[in-house]
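Below is one structure, written out as structure tokens; comments come after it.
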Amino acid sequence: MKRYFAVFIALYTVVLLYMMFYASGREPSEISYIQHQPFITIQHFFNDNNIDNQAFIVNIFGNIFLFSPFGWLGLCIKKFNHFVPITLFFLIAISIIESIQYISGRGVADIDDVFLNTIGMLIGFVLFKYATWKNIANIKVHFELLDSKSKRVSTVS
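Here the sequence shown is numbered in the numbering used here, starting from 28 and rising by one per residue.
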């Protein structure tokens, strides 16, 4: 199962990167833009009556929920079972991606995207921790998440 999830997350990452750099008619621009003031873009989407619902949903909810699968990285990388390592890794990775958007002129480098993407990953992480705590669908066995004590107890009984 670990291998299947690793393949899924790799393919999912490739699709997301494509969407971030090439989809929606994104062409390289000579003018790069960076939004470094927190919550300006989010506030704009909540306050501007000229923005349609689709743009709001795509920007706010898309930036959150599209990144929630990354909260499940602990299924294939054991050190990402913990809050600090996965959060630091994700913040660095998404910051690099936003920087590349700025440098390449494909898209806008926006601190709000980093914030929303991280919220999405954290939602996924909370769901991952809940699923492993409750052992939903026997996830601990399928993804070999049992510690050595639990393995000994389950093999003895």
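Beta carbons: idealized from backbone N, C-alpha and C, even for Gly. Since the structure is predicted, the reported quantities are computational estimates derived from the model, not experimental observations.
The continuous alpha helix (DSSP H) containing GLU125 extends over residues 110-131.
In the structure shown, GLN64 falls within a coil segment according to DSSP collapsed to helix, strand and coil. Bridge partners of ALA136 according to DSSP: ILE61. Taken through DSSP and simplified to helix, strand or coil, LEU44 comes out as helix. Short of 7 angstroms from the beta carbon of ILE78, and not among the five residues preceding or following it, lie these beta carbons of its own chain, in chain order: PHE72. When DSSP states are grouped into helix, strand and coil, LEU149 belongs to the helix group.
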